Each structure stands twice: as structure tokens, then as C-alpha cells.
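Colleague: Take a look at this one; I'll ask things after.
Laid out in C-alpha cells, this is it:
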């Protein structure tokens, strides 16, 4: 049996399994730490930075941090909350996010976080980048306008041989997620659906799917993101 | 609020919008009776007053700027209204009209007037309209806050009637707006 | 097509079909085929047995890997701040006129390709360009025209170079570079008398613990800029579990204005490699990797030659210094053109054939580094310091420098001064001291530590170079009073960071570009006081990026707002605060007028 470690979370003493990811341990303890690039079951990659917390006073991403004995974690200072709001606003200004026309609206994690932080307009300059919509794949559509480069698809979706289907291309603000024509060739509907589900926004769509839950009954119409985590 | 307090004067306009935000305001249902107790409309499609007849307290802007006339109207609103509120996705960040922002204007115009499948034989002289009476199209659609200072923003496509109502009440009574989760949506 | 297949097969075989050697494969294949086309990349993926997208993610990350043909001669003209100071614009124009194409294009006859590139480590001899990997320093418009004419006349790069090689080992038969060392001040650490193997002879008589104790006693700190205690790093790696460990030397100096590694690798490569061997002895590593930036590929044959010499002398290989069991060898690894690879974990990723994205820490490289094994990564200059400490003792070392910064620092002085070049000084020299030695007058500002450091004005020139005051990795750029600091310097740096961000962390990926947008607005006289405050506030957001690049990318902007505020204030748009000055109606309707023929 795994041993437990004791740590402090927002002033409260908590227990967690040794080596547990801080995001998951906090969730267990009833504290919601917002995430975007994190996804249960796939290796973390502190890319979006939104889960930044203070670990013994030092900013660190909770998705890449393992709980350790005597760790003192602050998850929700005014500075951290302001930072998280900024990350959401940056993402809205960096890409082309037109919620009213997006298949994922209402089920989108980015949008749900914007609701959480009551983002109205982005305080960052809207860049209106020229990005493509790729529809050559028989089962998938990749709308780069909406992509937030979280890499969840890169890390979480592999074909039957275990090869990557998605990968980053280029760098900096030109970064783009590419689909491999060979390794993605024979994916079935189930994997295509998984790719769509793993995307936090509406950047990966399964062809022939979308808008199947009416407005008012979508995930984040029903309840705010994180509300399932209760102290 | 004291009964003697003068009514706040409100102006509204739709720039590059679809009037959906105006419709949503009308969706406040019977509260519209309360509203006219609180405010008086000046320049607005609601009362068909075409030009400002006095200084206003609140200006509600629907839509972003896609042509020089939008810019002109928005500038006028900024000059005549103490407080400007951007209402809806288009006013906030361009909205659906801003889909064209990733394309050069020339391509858009050529698609619309010369080469698009719906043009067919409808434009035998191959003219992109440019009558002096027509507004000039901007190189891209601009969110309102990129043209003038905007004081408040109401998201939604359209913003829900509740959100617009709550915002107006907050503005008129000078209270902080604390929108409910239900009323705060981007679609 | 058969040529592609054949080349790829040969090159992949050269590296044992090992996908972690992708960087080497890409460099060699591009060298033979001119570019890495889609077809070539697909073939490489096929032969290595990895997905195409995995090859492309690496290829497309690095500046010098090209998908399209770059012309018979690929000219990469440096566009750093100092290059611009030295008349780069005129040289660029001459290249364009002579070649008949713009930058980013290849001439119609396929002979000349013109490309921009970030600082190539020649700030003391700008404007400089790389032509098919060879350095052409001190360019003038006339020379640019001559070069293009020579290319068109069918001459080779060697013929274009001529034979006026630079000083010291730049003239070595394996180098034959037009580059000059410009060592203006020789210090005791790097540029003093040195004989390969002397330090190792002492080391083999010590225990690894004693070696680390000596380095710790001398409080040697990393010279790349961050200043981490070297002895501690070695100790961590020594204690880390596992038999297989690695020693890396970081010669990926990409900070604009830095060129010390180039000079040290030219004049003292043996010392650097001896330092690696000492580190290997201390931590128990058998393999070392000297990671050199792509821009210094012209040193490849020479460095291979030096490694072979050291093997022949018994300073690399098995039973080094006659000590049975002390086995260590070093291989070269070249980068592909990415500043961020100077960050140690990004450098390791790159050496593994991947995108140079910094890793999340912990684990640190000393625990899990190259191929997940404990890895020490040390700067070129740090390793030289270690050699001297072992040779002359910690007491000698500790007599140099200040209380908290021991030893010397190799500075790379460039910009508006009479004597740009290398100055090895003890820590504790003031900015004024350096300016005087370098012959700088009418100085408006000094960028210390490169763009990720600080930009300071004359009232701070009495500050000293030391970890406790002005820390620096070596770059020292002098900006004269006649320069437009915001436009010529700060904006150039902003562009640099935008291009060099790896794109992984949201704040760095987006805000480097957004900061450029806002800064351009301010420079154009259309910014507001709010814009200035906004830039300052963004710095806070950037603090939460994963690596040093992201955390410091707004430093050029923020330190100049702090130290040169009047320059910003003077540029702010006047007028009614109810209107946004950057909105320009006349400009916004220009496209329409043109489209309807009224332009």
C-alpha cells in the first residue's frame, strides 16, 4: 500500500498518497485548482501555467508538482487568481475564439474558465492571427483558430502501434499542431471521438459531430467548472 | 433611489451588429415598464431619434466597427455619452463579422462582388460598389475599445436580457454589477 | 528521389539508426541536399521508424533547418542590435539589389538565398553573415555586392573567403575563418598560459570527493548567467543514483552580444574539454557532449581534430592520465538555431533529437537529464574556471573577484566603442572601468547581460559586475547617445524574444508578440500611458513561465521603462483620452480605396 504524506493546503493540513499529483491531491481534499493543459491519465506538461500555485512560497505548476511531506501550498492568493484570469484573457486574444459559432461552446473548458473569472473582454490586444481550418482528414477537422496549444492531443492520443498522431510544428507564436497523415490514417471512430474529447476547446472535431446537446443543457450551462469539487 | 432624481438618458446604436442585442434588451419583458421609469431614451432605434438632441448618461453600443460610418457613429457616441457600454460579442471583439479579419479586404470584396458563387450574372460590369454615399469598408473589423475608450463590457451573443437589465440597473443606481452565472454567457 | 533515399539511408546509418541523433541526421542531410523538404523529412521518418510529424516537429523548431531550397548560397545576415549599429541596413539593401530578391527569398537563378538571423556571435565584427556556414564579418555594401558577383561567377565559398584569415587559431588549417578574436584583455582564468593535461594529472591523484570539495571551496559559480554553484551541481550528480551519467558542455551562447564561447572554443578548446573530463571524473560519467550552437559549425572539423589530438595524448579515452577505470570521451553536438537551447534542459531535449523546449523541473538534469540519466551541464567558461581551480587551488581562485563573486568573467564588449572584443576581468570591475578600457564615449546606456539582463543609464555606471550586483553571462552592449534607444535597441530585442520563444508556455508565447505590438505602437507615437503600465504589468505574468527565457523576455522593455522613463513619456500620444490614438481611420480605409481603384 502506498504511504501517505502530510501537507498543508491553503492553511489546512491534508493527507495524500506519496507522489500524488498536486492537482489531483487538492481535488481529493476539496480544493479546485483550475487547469487547461492537464488531463487525467496523461503525462503533465506545465504549458498553460494556469494551475500555478505557491509551493513553499515559490510559484510552481500544480500539474507537474508531486505532493511531498511538509509541503506548504497556497492555491488561491489574489495574485494567483489575477494571473489565472490573465492567462484566460491572453488565450482569447491570441487565437480566434468566436464562441457563438463554435461547436464546443457550453462544453469548452477555456470558456468555462472565462465564466469562472468573469472575463468580459480581453485586456490583451486581439491578434486576429491567420490560421487554417484543416479538413483533409477523413475523420477529423482541425480548426487552428481555436487551438490553445495545450498539447493534450499530442500527449494523449496515439494509434494502435503507440505512435503519435499529433505533434507540434514550428515555434513561438507560430506554433501549430500537425496531424500525421500516416499514423492517423486508420483511426477508428472511437479514437477520433477521444481526440475530440481530449481537446479542451473546439479545435479538434469529429466529422459529422457537433451541436448535439441543446443550449441550456450543456456541461457548463448546468454548473460552473470546478463546482464538482466540494470541500 | 429618490423619486426626484432625474431620469438617466440612454442612447443606443447598432454598428456592425445584427440588432440581436437590441432584441435582447426588449426581452426584459414587463421590466421594460420599470426601465422607462428609470431612463429616457435619446438617439436610439427604439424611439427612432436619429441624431443626438442632448448629452447622454449612458450609451449602449452593439456591433464592432467594419466601416468608416461605424467609426463616425461610435466617435459621436463617445463625445455625447458620459458612459459607454459595449454590448455583445461583436462590440467586444468583432464577433462574427471579424471572421473576415484573417483575410485581406480585397479578397473579401472580390469574393462578395466578383467571384463568389452567388454573384453569377448579377454584376455584369464587375464593379465593387464605391458610391460616395456608401460607407468605406475598413481593412478589418475593429472591436469598439480599439477605437474609443469603452467603460463597461457585456458579453454574450446576444447578452441575456437579465444581464442587460442588471447592468442598466447597476449603472442607473450606481451599484456594482454582480452578474449571475446563468446570465453570463458568451453565446 | 533516389538521391534523397540514398543520402538519408547513409546519414541515418552513420548515426546507428538512432532517433535520438535526429539533430545530427538533419544537419548532415541538409548539408548534402540543401534543405529538408517534406519528402526528405518523410523519408527520414520512415528510415528511423518514427512518425513524420515527429521529424517535422524538430525540423520546424530550428531556425537553420529549411523546408524549401535556400539557393546555392544561403546567406544568413545577422539582424541583431549591434549589427544594425554597424550599418546592417545598407548591407542588406546591397545584398537585395545584387541578388535581385528580398530577404526570405531565393534569387530567380537559384544562386543566392537571403535570410535574416539572430545574433551569430560576431558582435565585435559586425555586420556579419553566414554563407553556407562560413562567417563573413565586417561586411560593407561593396563587399556584399562583390560576394554576390562571386557567387554568380561560380566561385566556391572557400574562394569567396579569400585567404585573409583571422588571428590565432582562426587561421588554423581546419578553421580558415575570417573571424578575429579581439582578445583585448587577457585574464588569468581563460587566457593565461595553459598546457593541456596539467590539471588532469593532478586530478587523477585525487578522489572525486576531493575534486568536488576543491570546486566548492573555490565557490565556482556557473558563468552562463544564472550563477548556480558548480561544486554543488557536481555533487548532486555524483550522488544521483545510476551508473550511467553524462557531462555536457553548453556552448550554445545565443544571448545577443555574446561571443566568448566562440573565442574560447577557438583558442582554448582543450581547456574546455579538460574541464569536462574533470567534471566526468568528479561525477562518474563516461560520456560527454559538447553542444555547440549551429552558428559555429565552421569550427566542426577543428573541434573534431582537437578531440582526436586529446585522445592521442591520453586525455580522452580509456585510462585517462594512466588511471585505470577513468574512461571518458566527448562527442560534438551541434544545434539547429534556437536561443532557448541555451537553457540546460532545452539543450538536453535538443541533444536527444527533439524540440528545444525546456523541461518541467523537478526533476533537475542532475537527477534525470540526457536520456533520463543524471547529467551535469556546465558553461564553457565555467569548465575553464574548474580547470584553473584544480591546477592552482581554491585559495588562489578565492583571491580573485569580490566577496560573493570569485574568479574572473569573460566579457563580450560590443556596440558604440572603439575597442569591441573580449575582456577577461576579475569580478568587481565597474561598468565605468569597462567603458573606459573599451574606449566608449557619450554613452547613453549599457545593456549588461544581453537582453535578458538589464539596460542601465549613466547614473548606474558605477555599479559593479558581480553576482550580487550586475550579474552577466558576458554580453555588454554599449549604446551611444545618438541612438534611438527604444526603436534601435528595445524593439529589436522584443522582436528577438518573440522569435525565440519556444511557444510552450502561454504567457511567453503570446506576450512576447503582444509586447512587440504595444511597443511598436509606443515607438510610432501612438501609445498611451496605459500602454506603458500594461507592459510593466505583463512582466508579473511572465514571471510564471517555465524557463529563464520566458521569465526575462520583457526585461529589455521593463528595465528601460524603469531606467529611461522620459524616453517613453516623450513618445506618448497627445490628445483626448476618450479616443484610442493607435486607431488610424485614414490607414484603415486605405485597402478599400485601393480595392475599388481610388487609392
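Residue numbers (the working numbering), protein chains in the order written: chain A, 36 to 266; chain B, 2 to 188; chain C, 485 to 1083. The C-beta atom is built at its ideal place from N, Cα and C for all residues, glycine as well. Values in this document were obtained by computation on a predicted structure and should not be read as measured data.
Near residue 255 (chain A), which residues of its chain fall below 8 Å by C-beta distance, leaving aside the five closest residues on each side in sequence?
Modeller: 141, 142, 143, 146, 147 and 150
Colleague: Tell me, please, whether the segment 929-938 of chain C touches the segment 973-990 of chain C by the rule of three or more beta-carbon pairs shorter than 8 Å.
Modeller: The segment 929-938 of chain C makes contact with the segment 973-990 of chain C; the number of CB pairs closer than 8 Å reaches 3 or more.
Colleague: Who are the near neighbours of residue 127 (chain B) in its chain, counting only those whose CB is closer than 7 Å to its CB and skipping five residues on each side?
Modeller: 115
Colleague: My output table needs one value for residue 153 (chain A): the three-state DSSP class, helix, strand or coil.
Modeller: In the three-state reduction of the DSSP assignment, residue 153 (chain A) falls in the coil class, being assigned neither a helical nor a strand state.
Colleague: As a quick exercise: from C:1045, C:1006 and C:553, pick the residue whose alpha carbon is nearest that of residue 1056 (chain C).
Modeller: Of C:1045, C:1006 and C:553, the residue nearest in Cα terms is C:1006.
Colleague: Counting only Cβ-Cβ distances shorter than 8 Å, please list the residues of the segment 144-157 of chain B near chain C, keeping chain order.
Modeller: 146, 147, 148, 149 and 150
Colleague: Cβ of residue 204 (chain B) less than 8 Å from any chain A Cβ?
Modeller: The question about residue 204 (chain B) has no answer here: the residues shown for chain B are numbered 2 through 188.
Colleague: Taking the straight line between their C-alpha atoms, what separation do you get for residue 3 (chain B) and residue 39 (chain B)?
Modeller: In this prediction, residue 3 (chain B) scores a pLDDT of 49, lower than 50, which makes its location untrustworthy; the coordinate-derived value is nonetheless stated afterwards. If I take the Cα positions, the gap works out to 11 Å.
Colleague: Express the C-alpha separation of residue 811 (chain C) and residue 740 (chain C) in angstroms, rounding to a whole number.
Modeller: 37 Å
Colleague: Which residues in chain B have a C-beta closer than 7 Å to the C-beta of residue 87 (chain A)? List them in chain order.
Modeller: In chain order: nothing, as chain B lies at least about 24 Å away.
Colleague: Apply the 10 Å Cβ neighbour rule to residue 1084 (chain C) and answer buried if 16 or more other Cβ atoms are within range, or exposed otherwise.
Modeller: Chain C is shown only over 485 to 1083; residue 1084 (chain C) falls outside these bounds and no answer can be derived.
Colleague: Across which residues does DSSP place residue 93 (chain A) in a beta bridge pair?
Modeller: According to DSSP, residue pairing for residue 93 (chain A) in a beta bridge involves A:90.
Colleague: Residue 1054 (chain C): which of C:988, C:526, C:961 and C:1045 sits nearest, CA to CA?
Modeller: C:1045
Colleague: Which stretch, first to last residue, makes up the alpha helix (DSSP H) that contains residue 22 (chain B)?
Modeller: That run of the alpha helix (DSSP H) goes 21-27.
Colleague: What residue from A:91, A:69 and A:245 has the CA that sits closest to residue 232 (chain A)'s CA?
Modeller: A:245
Colleague: Any Cβ of chain A within less than 8 Å of the Cβ of residue 2 (chain B)?
Modeller: Residue placement at residue 2 (chain B) is poorly supported in this model, since its pLDDT is 47, which falls under 50; the coordinates still yield a value, given next. So, not an interface residue.
Colleague: Short of 7 Å Cβ to Cβ, which residues in the segment 524-542 of chain C face chain A?
Modeller: Listed in sequence order: 535, 536, 537, 538, 540 and 541.
Colleague: Measuring only between beta-carbons, confirm whether residue 163 (chain B) sits less than 8 Å from chain A.
Modeller: Taking Cβ atoms only, chain A never reaches closer than 8 Å to residue 163 (chain B), which makes this a no.
Colleague: Looking at residue 152 (chain B) and residue 88 (chain B), is the spacing between their C-beta atoms short of 8 Å?
Modeller: no
Colleague: Is there a Cβ from chain C that is less than 8 Å from the Cβ of residue 129 (chain B)?
Modeller: True, the Cβ-Cβ gap to chain C drops below 8 Å.
Colleague: For residue 161 (chain A), tell me which candidate among B:164, B:93 and B:169 has the shortest Cα-Cα distance.
Modeller: The residue with the shortest Cα to Cα distance from residue 161 (chain A) is B:93.
Colleague: For residue 262 (chain A) and residue 913 (chain C), I'd like the C-alpha separation in whole angstroms.
Modeller: 58 Å
Colleague: Any C-beta of chain B sitting closer than 8 Å to the C-beta of residue 1010 (chain C)?
Modeller: no
Colleague: Using CA atoms only, rank isn't needed, just tell me which of A:105, A:198, A:61 and A:65 is closest to residue 533 (chain C).
Modeller: Ranked by how close their Cα comes to the Cα of residue 533 (chain C), the residues A:105, A:198, A:61 and A:65 have A:198 in first place.
Colleague: Rounded to a whole number of angstroms, what is the C-alpha to C-alpha distance between residue 655 (chain C) and residue 792 (chain C)?
Modeller: 19 Å
Colleague: Is the segment 732-752 of chain C in contact with the segment 894-907 of chain C, if contact means three or more CB pairs nearer than 8 Å?
Modeller: yes
Colleague: Quick one: what does DSSP say residue 625 (chain C) is sitting in, helix, strand or coil?
Modeller: helix
Colleague: Based on DSSP bridge pairs, tell me the residues matched to residue 709 (chain C).
Modeller: Paired residues: none, contrary to the question.
Colleague: Around the C-beta of residue 490 (chain C), are 16 or more other C-beta atoms found within 10 angstroms, so that it is buried, or is it exposed?
Modeller: exposed
Colleague: Under a three-way DSSP split, which group does residue 184 (chain A) fall into?
Modeller: Coil at residue 184 (chain A), not helix or strand.
Colleague: Just the Cα atoms here: how many angstroms apart are residue 57 (chain A) and residue 186 (chain B)?
Modeller: Spanning the two alpha carbons is a distance of roughly 30 Å.
Colleague: Excluding the five sequence neighbours on either side, which residues of its own chain have a C-beta within less than 6 Å of the C-beta of residue 948 (chain C), listed in chain order?
Modeller: 912 and 914
Colleague: Out of curiosity, what's the CA-to-CA distance linking residue 31 (chain B) and residue 78 (chain B)?
Modeller: 28 Å
Colleague: Given that residue 103 (chain B) touches chain A, what residues does it touch there, using C-beta distances under 9 Å?
Modeller: 131, 163, 164, 165, 166 and 180
Colleague: How would you call residue 20 (chain B), buried or exposed, if buried means at least 16 neighbouring beta carbons within 10 angstroms?
Modeller: exposed
Colleague: Could you check which residue in B:165, B:157, B:147 and B:178 has the C-alpha nearest to that of residue 75 (chain B)?
Modeller: B:147
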